[in-house]
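Asks: The structure follows.
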Amino acid sequence: MNRRRVLRALGPGFVALGGCTNLRRFRSQNQTTMPRTPPEDAFRTVTVESLETGRLAQLDLEPSVEAVEPTVTDDHTAEVELSLTNRGDRRLTLGYESCPPADEHTASKSGGDARLVLLRSDEQAFEPAAEECWRPSEMDFFVGEPCGPVELDVDAGETLTRTYELWDYPKNDHCMPPGEYRFGETYRVDGREYEWTFTVRVAEP
């Protein structure tokens, strides 16, 4: 396995695309992103099944999610890109919880106990604990700084984007169990909370 590394630096990790006019529209719940033909050595395929925007429209915020790398192989794991566009005419300050070292997001399998983790992609990182699975070690994952509040400014007309790698949860009995997993983010604006979620499907090729 060519062991890619996952970011250890703190912070929200968004890349700003200010003034961008050619923006992807978010998908409806009934639309499915289908992967390209998986390579022969694919271990899992990943698709974005649904996106629920909640009350973000009240803030003129538009999220989108795309599986930019839809396969898991020995050489790489799947990657999911999250984008957030401020369609309004004022700057917004979003508060949310960030979990170091890699802005971790954990989701449980629908109808099961297994979990998967999204870890922010970058050049600095920790390595998989085992050759046969993209799984962080329990020491790397569970020991460290606790989650804490951060703030993020989004200017009017600005699009922010970040990319995550999909990793196995350290305590799973099996590597990346197939099924549907729901991830989410909750923003705090002016004392109110706004949640949006998306579901990914992990399947055997």
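Be aware that the sequence shown starts at 380, since it is given in our numbering, and climbs by one per residue.
All C-beta atoms, glycine included, are put in the ideal place defined by N, C-alpha and C.
1) Please state whether DSSP places Ala457 in a helix, a strand or coil.
2) Applying the criterion that 16 or more other CB atoms from any shown protein chain within 10 Å of the CB defines a buried residue, is Ser462 buried or exposed?
3) Would you mind giving the Cβ-Cβ distance between Arg580 and Thr426, rounded to the nearest angstrom? I have them listed as a contact below 8 Å.
4) Compute the Euclidean distance between the alpha carbons of His455 and Phe422, then round it to the nearest angstrom.
5) Bridge partners for Phe521 per DSSP, in chain order?
6) Considering only residues of the same chain and omitting the five flanking positions on each side of Arg404, which have a CB-CB separation below 8 Å?
7) Counting only the same chain and skipping the five closest in sequence on each side, list residues whose C-beta sits under 7 Å from that of Ala535.
8) Output the boundary residues of the beta strand (DSSP E) element that contains Cys512.
9) Under a Cβ-count criterion, where at least 16 other Cβ atoms within 10 Å of its own Cβ denotes burial, should Arg514 be classed as buried or exposed?
10) Alpha carbon to alpha carbon, what distance is there between Thr540 and Cys526?
11) Note down, in chain order, each residue of its chain lying with its Cβ closer than 7 Å to the Cβ of Asp420, except the 5 sequence neighbours on either side.
12) Taking DSSP as the reference, what is the three-state secondary structure of Ala481?
13) Rounded to the nearest angstrom, what separates Tyr566 and Gly474 at their Cα positions?
14) Out of Thr538, Pro479 and Ser500, point me to the one whose CA is closest to Val522's CA.
15) Measuring straight from C-alpha to C-alpha, what distance separates Glu431 and Pro528?
16) Which residues bound the beta strand (DSSP E) around Thr452?
17) Asp420 lies in the beta strand (DSSP E); which residues open and close that run?
18) Using the Cβ count rule (16 or more neighbours within 10 Å means buried), how would you classify Val447?
19) Are Glu460 and Thr576 close, meaning C-beta to C-beta below 7 Å?
20) Mind checking Pro449: buried by the 16 CB within 10 Å criterion, or exposed?
21) In the DSSP assignment, find the unbroken beta strand (DSSP E) run with Leu435 in it and report its ends.
Replies: Taking the coordinates as given:
1) Numbered from 1 along the sequence shown, position 78 holds the residue referred to as residue 457. Coil at Ala457, not helix or strand.
2) Working through the sequence shown from its first residue, we reach residue 462 at position 83. Answer is buried; the Cβ neighbour count reaches 16.
3) For the purposes of this step, residue 580 is taken as residue 201 along the sequence shown, with counting starting at 1. For the purposes of this step, residue 426 is taken as residue 47 along the sequence shown, with counting starting at 1. Confirmed, about 5 Å.
4) Numbered from 1 along the sequence shown, position 76 holds the residue referred to as residue 455. Numbered from 1 along the sequence shown, position 43 holds the residue referred to as residue 422. CA-to-CA, the gap between His455 and Phe422 works out to about 10 Å.
5) Residue numbering aside, residue 521 sits at position 142 when the sequence shown is read from its first letter. Partner(s): none; Phe521 has no beta bridge.
6) As a position in the sequence shown, residue 404 is number 25, starting the count at 1. Its pLDDT being 30, under 50, Arg404 is placed unreliably by the model, and the measurement read from it follows with that caveat. Cβ neighbours of Arg404 beyond the five flanking positions: Glu441 and Ser443.
7) Looking up residue 535 in the sequence shown gives position 156. Result list for Ala535: Asn465, Gly467, Asp468, Arg469 and Arg470, in chain order.
8) The count along the sequence shown starts at 1 and reaches residue 512 at position 133. Residues Cys512 to Pro515.
9) Position 135 of the sequence shown holds residue 514. Taking every protein chain shown into account, the CB of Arg514 has 16 or more other CB atoms within 10 angstroms, so this residue is buried.
10) By 1-based counting over the sequence shown, the position of residue 526 is 147. By 1-based counting over the sequence shown, the position of residue 540 is 161. Just so you know, the alpha carbons of Cys526 and Thr540 end up roughly 21 Å apart.
11) Taking the sequence shown and counting its residues from 1, one reaches residue 420 at position 41. So the qualifying residues of the chain are Thr452 and Asp453.
12) Position 102 of the sequence shown, counting from 1, holds the residue named residue 481. It is coil, neither helix nor strand.
13) Your numbering for residue 566 matches position 187 in the sequence shown. Your numbering for residue 474 matches position 95 in the sequence shown. Rounded to the nearest angstrom, the gap between the Cα atoms of Tyr566 and Gly474 is 5 Å.
14) Residue 522 sits at position 143 when you count from the first residue of the sequence shown. Ranked by Cα distance from Val522, the first of Thr538, Pro479 and Ser500 is Pro479.
15) Within the sequence shown, residue 431 is the residue found at index 52, counting from 1. Within the sequence shown, residue 528 is the residue found at index 149, counting from 1. Going by the C-alpha atoms only, they are around 23 Å apart.
16) In the sequence shown, the residue the question calls residue 452 occupies position 73. First-last for Thr452: undefined, no H or E at that position.
17) Taking the sequence shown and counting its residues from 1, the one referred to as residue 420 is at position 41. Element bounds for Asp420: n/a, residue is neither H nor E.
18) Numbered from 1 along the sequence shown, position 68 holds the residue referred to as residue 447. Around the CB of Val447, fewer than 16 other CB atoms lie within 10 Å, so the residue is classed as exposed.
19) In the sequence shown, the residue the question calls residue 460 occupies position 81. In the sequence shown, the residue the question calls residue 576 occupies position 197. No, these two residues do not count as a Cβ contact at 7 Å.
20) Position 70 of the sequence shown, counted from the first residue, corresponds to residue 449. Here Pro449 is buried. Its C-beta has 16 or more other C-beta atoms within 10 Å.
21) For the purposes of this step, residue 435 is taken as the residue at position 56 of the sequence shown. Counting along the chain, Leu435 falls outside any beta strand (DSSP E), and DSSP gives it neither H nor E.
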